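Asker: Residue numbers in the sequence shown follow our numbering, run continuously in steps of one, and reach 323 at the last position. Beta carbons are placed, not taken as given, at the ideal position from N, Cα and C, and that holds for glycine. In this text, all values refer to a predicted model and were calculated from it rather than measured experimentally. Pasting a structure here, questions to come.
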Amino acid sequence: MQAVDLLISARWVIPVEPAGAVLDDHSVAVAKGRIVAVLPSGEAQQRFEAREHSRLDRHALIPGLVNLHTHAAMTLMRGLADDLPLMTWLRDHVWPAEARHVSPEFVYDGTLLACAEMLRGGVTCFNEMYFFPEAAARAALEAGIRAALGIIAFEFPTSYAADADDYIAKGLAARDALKEEPLLSFCMAPHAPYTVSDRTFAKIVTIAEELDLPIHTHLHETQQEIEESLTRYKARPLERLRALGMLGPRLIAAHAVHVTDREIGMLAHQGASIAHCPSSNLKLASGFAPVAAMLARGINVGIGTDGAASNNRLDLFQE
Ligand SMILES: [Zn+2]
């Protein structure tokens, strides 16, 4: 008999590979934090001596889910200014509330609550964008959940940082302090085309190349974002970001609700990923993302909940 730390025996095991496989009465053996075997439960009990044996006789055991777009600490703003369109919600309610309340303690408490909610719903990794990422990191490590933390950037000041360079410097310092943590990784996270300047986007592209980091941003979330961009930059946001070197396999674009066939083709050709957030898009009256067309073009589409304030849950099964 081989000693393992944990044996989970389930009515069904649904592995990542091969795609579509459903294994009847199988067990997963875990030793030193790694899966060492997936095999029929009868065989597992003969082969493994488990320190802990979990029996899930009526369950399907699935891999941990990835929540591809979150602002975890916004669990503390759940239900705030319900049922308003995005720009009104953000500019008249959320940003003023954040200016009054956001602090490292707020981010730690809100992220810890989000981690509990996500773990209860099968999420084991989240792609995060919020202020004070070192406080979010503390909560994630305490909860034992994997997190990709955003090095966030805006042009305007908040309680976290004074200007875009300050946001980036603080985010990079957090990464330097935490980069050895095995459960944590970092992304560059310029907030959105309507809150970040050309100069800052260009700087972020350079840093992402140097440090080999993904770039996580909101993109083409509302029609208003596109109209404002046409007025201000004489280009749609995606075209503007393409010219700045943002489009490529590093890009994780959250929402992409308003994209033309040509833009879907550009995203596919450049190998960008989309974080599809259907509940958030409906709650904030942003619209429906053309997700079937994206999948048909072979784009890597993941699912995100966005923050609890724009959902109001962190449940990927609901999405
Ligand atoms: Zn978002």
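Let me check one thing: in DSSP terms, what residues is Asn71 bridge-paired to?
Answerer: In DSSP, Asn71 forms a bridge with Phe130.
Asker: When the Cα atoms are used, what is the spatial distance from Ile268 to Lys287?
Answerer: Whole-angstrom Cα-Cα distance: 24 angstroms.
Asker: Under 7 angstroms, do His280 and Val305 count as touching if we go by C-beta distance?
Answerer: The answer is yes: Cβ separation under 7 angstroms.
Asker: Considering only the beta carbon of each residue, do Gly114 and Ala144 sit closer than 7 angstroms?
Answerer: Not a contact, by the Cβ cut-off of 7 angstroms.
Asker: Could you give the DSSP three-state label for Arg15: helix, strand or coil?
Answerer: Arg15 falls in the strand class under three-state DSSP.
Asker: Tell me whether Arg254 is buried or exposed, calling it buried when 16 or more other Cβ atoms sit within 10 Å of its Cβ.
Answerer: Arg254 is buried by the Cβ-count criterion.
Asker: Which one of Ser277, Thr235, Glu231 and Ile230 has the shortest CA to CA distance from Leu251?
Answerer: Nearest C-alpha to Leu251: Ser277.
Asker: Leaving out the 5 sequence neighbours to the left and right, which residues in its chain are closer than 6 angstroms to Arg38 when beta-carbon positions are compared?
Answerer: No residues qualify anywhere along the chain.
Asker: Give the list of continuous beta strand (DSSP E) stretches no shorter than 3 residues that lie fully inside the stretch 129-164.
Answerer: Complete beta strand (DSSP E) runs here, min 3: 150-157.
Asker: Measure from the alpha carbon of Leu80 to the alpha carbon of each residue in Pro44, Tyr134 and Val70, then state which is nearest.
Answerer: Measuring from the Cα of Leu80, the nearest candidate turns out to be Tyr134.
Asker: Along the beta strand (DSSP E) that carries Gly306, what are the first and last residues, could you check?
Answerer: Counting along the chain, the beta strand (DSSP E) containing Gly306 begins and ends at Asn304 to Ile307.
Asker: Give the straight-line distance between the Cα atoms of Met298 and Val263, rounded to the nearest whole angstrom.
Answerer: Straight-line Cα distance between these residues: approximately 10 angstroms.
Asker: DSSP three-state label for Asp167, please.
Answerer: Three-state result, Asp167: coil.
Asker: Starting from the N-terminal side, write out each stretch of the alpha helix (DSSP H) that is 4 residues or longer and does not extend beyond the stretch 177-250.
Answerer: Counting only runs of 4 or more, we get 202-215, 227-237 and 241-247.
Asker: Is the separation between the beta-carbon of Phe52 and that of Val111 shorter than 7 angstroms?
Answerer: Against a cut-off of 7 angstroms, the Cβ pair of Val111 and Phe52 comes out as no contact.
Asker: Shorter than 6 angstroms, the distance from the beta carbon of Asp310 to the closest heavy atom of ligand 1, or not?
Answerer: Checking the Cβ of Asp310 against ligand 1 gives yes.
Asker: Determine the burial state of Gly24: buried for a count of at least 16 other Cβ atoms within 10 Å of its Cβ, exposed for fewer.
Answerer: It is exposed - the Cβ of Gly24 has fewer than 16 other Cβ atoms within 10 Å.
Asker: Which one or two residues does DSSP pair with Phe52 in a beta bridge?
Answerer: Its beta-bridge partners are Gln6.
Asker: What are the start and end residues of the alpha helix (DSSP H) that includes Pro282?
Answerer: Taken as a continuous stretch (DSSP letters only), the alpha helix (DSSP H) holding Pro282 covers Pro282 to Lys287.
Asker: Give me, in chain order, the residues of the same chain whose beta-carbon lies closer than 6 angstroms to that of Glu121; leave out the 5 immediate sequence neighbours on both sides.
Answerer: Once the five neighbours on either side are set aside, the close Cβ partners of Glu121 are Leu318.
Asker: Using only the alpha-carbon positions, how far apart do Leu242 and Thr226 sit?
Answerer: Cα-Cα distance, rounded: 13 angstroms.
Asker: Whole-angstrom Cβ separation of Ala157 and Thr204, contact assumed at under 8 angstroms?
Answerer: Rounded, the Cβ-Cβ distance is 6 angstroms, consistent with contact.
Asker: When you compare the CB positions of Leu65 and Ala14, do they come within less than 7 angstroms of one another, or not?
Answerer: Contact: yes.
Asker: Name the DSSP bridge partner or partners of Arg38?
Answerer: DSSP, once it has assigned bridges, lists Ala35 as partnering Arg38.
Asker: Would you say the beta carbon of Ala23 is closer than 6 angstroms to some non-hydrogen atom of ligand 3?
Answerer: Looking at this structure, you won't find ligand 3 anywhere; what it does contain is ligand 1.
Asker: Less than 6 angstroms between C-beta atoms, sequence neighbours within five positions excluded: which residues of the same chain meet that for Gln228?
Answerer: Excluding sequence neighbours, Gln228 sits near Met91.
Asker: Look up Ile66 in the DSSP assignment and say whether it is helix, strand or coil.
Answerer: Reduced to three states, the DSSP call for Ile66 is coil.
Asker: Of the residues Glu323, Ala312 and Ala166, which one's Cα is nearest the Cα of Phe136?
Answerer: Closest by alpha carbon: Ala166.
Asker: Measure the alpha-carbon distance for Gly154 versus Lys207 and round it to whole angstroms.
Answerer: Each residue's alpha carbon lies about 15 angstroms from the other.
Asker: Is Ile256 close to chain B? Criterion is C-beta to C-beta, closer than 7 angstroms.
Answerer: The structure shown contains no chain B, having only a single protein chain.
Asker: Within 10 angstroms of the Cβ of Pro194, are there 16 or more other Cβ atoms? Answer buried if so, exposed if not.
Answerer: Classification of Pro194: buried, given that the 10 Å Cβ count is 16 or more.
Asker: Comparing alpha-carbon positions, which option in Glu56, Arg62, Val32 and Asp61 lies nearest Ala48?
Answerer: For the residues Glu56, Arg62, Val32 and Asp61, the minimum Cα distance to Ala48 belongs to Val32.
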